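Inspection log for the structure reproduced underneath, given as structure tokens.
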Amino acid sequence: MNKESNLIQVEFIYLPVVNFALQQNRVSVIRLFSIENISDKELKNIKINLQIEPDFADSIPYMIESIQAHETVRISDLKLKLSTNFFAQITERMAGHISLLISSENETLYQKDYAIDILAFDQWSGISILPEMLSAFVTPNHPAITSIQKRATLILEWLTGSPALDEYQSRNPNRVKTQIAALYYAIVEQEIIYSSVPASFESDGQRIRLVDNLLSQKLGTCLDMALLYASCLEAIGIHPLIIITQGHAFVGAWLIPDTFPDAVIDDRSFLTKRTAEGNNEIILIEATCMNKGDKISFDEAVKRANNTLQTRDFVLALDIKRARFSGIRPLPQRILNGDHWEIKEEEPEMSEKEMASPEAINPYDLSAFSADIQVTKQLLWERKLLDLSLRNNLLNTRITKNTLQLILADPDKFEDALALGFSQSLWTGKTHFMTLVYTTRSLLPIPSLI
5 MNKESNLIQV EFIYLPVVNF ALQQNRVSVI RLFSIENISD KELKNIKINL
55 QIEPDFADSI PYMIESIQAH ETVRISDLKL KLSTNFFAQI TERMAGHISL
105 LISSENETLY QKDYAIDILA FDQWSGISIL PEMLSAFVTP NHPAITSIQK
155 RATLILEWLT GSPALDEYQS RNPNRVKTQI AALYYAIVEQ EIIYSSVPAS
205 FESDGQRIRL VDNLLSQKLG TCLDMALLYA SCLEAIGIHP LIIITQGHAF
255 VGAWLIPDTF PDAVIDDRSF LTKRTAEGNN EIILIEATCM NKGDKISFDE
305 AVKRANNTLQ TRDFVLALDI KRARFSGIRP LPQRILNGDH WEIKEEEPEM
355 SEKEMASPEA INPYDLSAFS ADIQVTKQLL WERKLLDLSL RNNLLNTRIT
405 KNTLQLILAD PDKFEDALAL GFSQSLWTGK THFMTLVYTT RSLLPIPSLI
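Numbering (my numbering), first residue to last: 5 to 454.
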């Protein structure tokens with residue numbers, strides 16, 4: 005039953021979808037709630053009630069002493085406490101609703117039902133609602149990963165002579181890349197069969213096969229494989245990335261101990277510049293190359309991932325390490341006890357010191373070179389002058405109040421004229437007229453360039 009009076013106007017913005025990942029990371033379902041008194045009289049003893057169906061959350065009634073005429077009150081602490089046990093038991097998507105009831109002096113002012121979808125324990129909601137929550141499905145502490153790590157150490161010893169999974173300690177990108185390759189071949193040996201991804205999974209979300217199900221069922225989509233690989237990478241201390249394109253997902257990793265400034269990156273150039281030849285900060289790997297039957301080498305998987313990044317419609321990249329810094333934690337392990345599921349107790353949270361951001365990297369710090377790498381003059385020159393990262397302002401110009409944009413018919417001639425010492429007239433461009441804003445004089449003839 006819906007009822008709205010002519011005394012108040014309500015603004016209620018909430019997440020239309022909830023799942024276990026949101027509950028575990030304490031994400032607020034109610035994003036905005038405000039009441040405007042549009043009448044000419046004061047409203048007193050306003051009571052706000054939220055009734056939840058099914059019973060997936062608890063709500064405490066909220067009281068407002070009074071709202072003056074034509075006053076708007078915004079409430080920031082109206083919360084729903086999501087139930088851990090309820091979401092742990094959900095095996096299929098469910099439809100629910102939130103009933104909002106507002107009364108004053110026992111008179112109902114507003115009553116309305118808001119639809120909400122409750123997702124299964126292992127279901128991702130897609131990129132339309134907090135896309136960074138996908139990082140919760142990267143589970144580096146899952147015990148099922150241990151066997152893959154152990155196998156990777158044997159492969160790593162065969163490749164390099166050392167079985168140590170020492171992440172970035174060597175300060176050598178080649179060592180990091182070899183560890184990533186060892187995990188790749190360890191997952192290949194699991195013989196997981198490829199399964200097609202659901203249509204429009206990137207926007208609508210999908211059921212995720214978590215590590216234990218993926219390794220036991222031996223069946224996984226591109227996203228399942230990418231999340232498994234990312235879980236293994238994070239487990240050994242390497243910073244993973246999940247890249248989502250139209251209808252596809254694959255994985256990446258930092259070759260240096262760095263992260264993006266934000267968890268979600270929607271600009272393809274952030275990846276292309278860091279994977280460019282001579283600027284190997286990030287490596288991309290096609291996760292489906294690890295599926296049974298393909299027998300594709302690690303280097304070929306890297307080539308295919310780079311090609312996918314260039315040819316498919318880019319959606320976003322998710323930096324798992326940066327997501328952890330923002331407080332998004334992995335899903336806890338779910339254990340079947342008799343006829344119901346239980347959540348394994350969480351480990352103590354990391355201290356602030358342990359969660360500190362990584363030390364900033366100086367691109368010109370020559371100590372980053374391993375002692376066994378021959379440092380040639382050309383390598384030094386490339387390191388110092390050919391910085392292809394976004395730290396180079398020539399490649400990453402930001403439009404600020406100190407930046408002047410010029411619309412030129414022939415930029416080459418303009419640059420040549422400046423090099424010869426010619427002065428130019430700068431005009432602002434309008435639809436049908438030009439306005440002179442700055443003029444200089446020169447003893448030399450000024451070519452007409454702008």
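Don't be surprised by glycine CBs; every beta carbon is placed ideally from N, CA and C.
Bear in mind that the values here come from a model prediction, so they are computed numbers and not experimental data.
Let me know the secondary structure DSSP gives Glu15 once reduced to three states.
strand
Checking 8 Å against the spacing of the C-beta atoms, do Asn23 and Ser132 come in under that value?
no
For Val268, the residue or residues it bridges with in DSSP
Leu322
Decide if Ile197 is buried, meaning its Cβ has at least 16 other Cβ atoms within 10 Å, or exposed.
exposed
Quick check: the segment 59 to 70 against the segment 153 to 173, are at least 3 beta-carbon pairs closer than 8 Å?
no
Please state whether the Cβ-Cβ distance between Ala267 and Arg326 is less than 8 Å.
yes
Applying the criterion that 16 or more other CB atoms from any shown protein chain within 10 Å of the CB defines a buried residue, is Glu290 buried or exposed?
buried
Going by C-alpha to C-alpha distance, which of Asn6, Thr95, Arg179, Ala25 sits closest to Arg333?
Ala25
Distance, Pro244 Cα to Glu238 Cα
6 Å
Helix, strand or coil: how does DSSP classify Pro58 here?
coil
In the DSSP assignment, what residue or residues form a beta bridge with Asp121?
Val21, Ala99
Does any residue of chain C have a CB that is nearer than 8 Å to the CB of Asn310?
Protein chains in the displayed structure number just one, and chain C is not present.
Between the alpha carbons of Thr150 and Glu171, how many angstroms are there, rounded?
16 Å
Alpha-carbon to alpha-carbon, Gln409 and Pro451
Caution is warranted here: a pLDDT of 40 is assigned to Pro451, below 50, making its placement in the model unreliable, and the coordinate value is therefore given only provisionally. One C-alpha to the other measures close to 20 Å.
Given Glu136 as reference, the closest of Ile324, Phe90, Ala421, Val319 once Cα atoms are compared:
Ile324
Rounding to the nearest angstrom, what Cα-Cα distance links Ile106 and Ala234 in this structure?
46 Å
When the Cα atoms are used, what is the spatial distance from Ala73 to Leu47?
8 Å
Look up His252 in the DSSP assignment and give the residues it is bridged to.
Thr249
Pick out whichever of Ser38, Ser330, Ala280 has its Cα sitting closest to the Cα of Asn311.
Ala280
Checking 8 Å against the spacing of the C-beta atoms, do Ile120 and Pro20 come in under that value?
yes
Can you tell me the Cβ-Cβ gap for Ser38 and Thr88, rounded? I've got them flagged as a contact below 8 Å.
Contact doesn't hold; Cβ gap of about 30 Å is too wide.
Endpoints, alpha helix (DSSP H) assigned at Tyr233:
226 to 239
In whole angstroms, give me the CA-to-CA distance for Thr315 and Tyr118.
41 Å
Using only the alpha-carbon positions, how far apart do Ala421 and Ile34 sit?
59 Å
Can you find the residues in the same chain that come closer than 6 Å, C-beta to C-beta, to Phe90, ignoring five residues on each side of it along the sequence?
Phe60
What is the DSSP secondary structure of Ser108, counted as helix, strand or coil?
strand
Between the alpha carbons of Asn145 and Ala92, how many angstroms are there, rounded?
18 Å
Counting only the same chain and skipping the five closest in sequence on each side, list residues whose C-beta sits under 8 Å from that of Ala140.
Ala25, Gln28, Asn29, Ile332, Arg333, Pro334, Leu335
Which of helix, strand or coil does DSSP assign to Val192?
helix
Given a threshold of 16 other Cβ atoms within 10 Å of its Cβ, counted over all protein chains shown, does Ile17 qualify as buried or as exposed?
exposed
Taking only the alpha-carbon atoms, compute the straight-line gap between Lys296 and Glu193 and give it to the nearest angstrom.
8 Å
Using three-state DSSP, classify Ala73 as helix, strand or coil.
coil
Can you look up Ser38 in the DSSP assignment and give me helix, strand or coil?
strand
Quick one: residues in its chain with C-beta nearer than 7 Å to the C-beta of Ser108, no 5 flanking neighbours on either side, listed in chain order?
Leu47, Lys48, Asn49, Ile50
If Ile246 sits next to Leu138, beta carbons under 8 Å apart, how far is it from one beta carbon to the other, in whole angstroms?
6 Å
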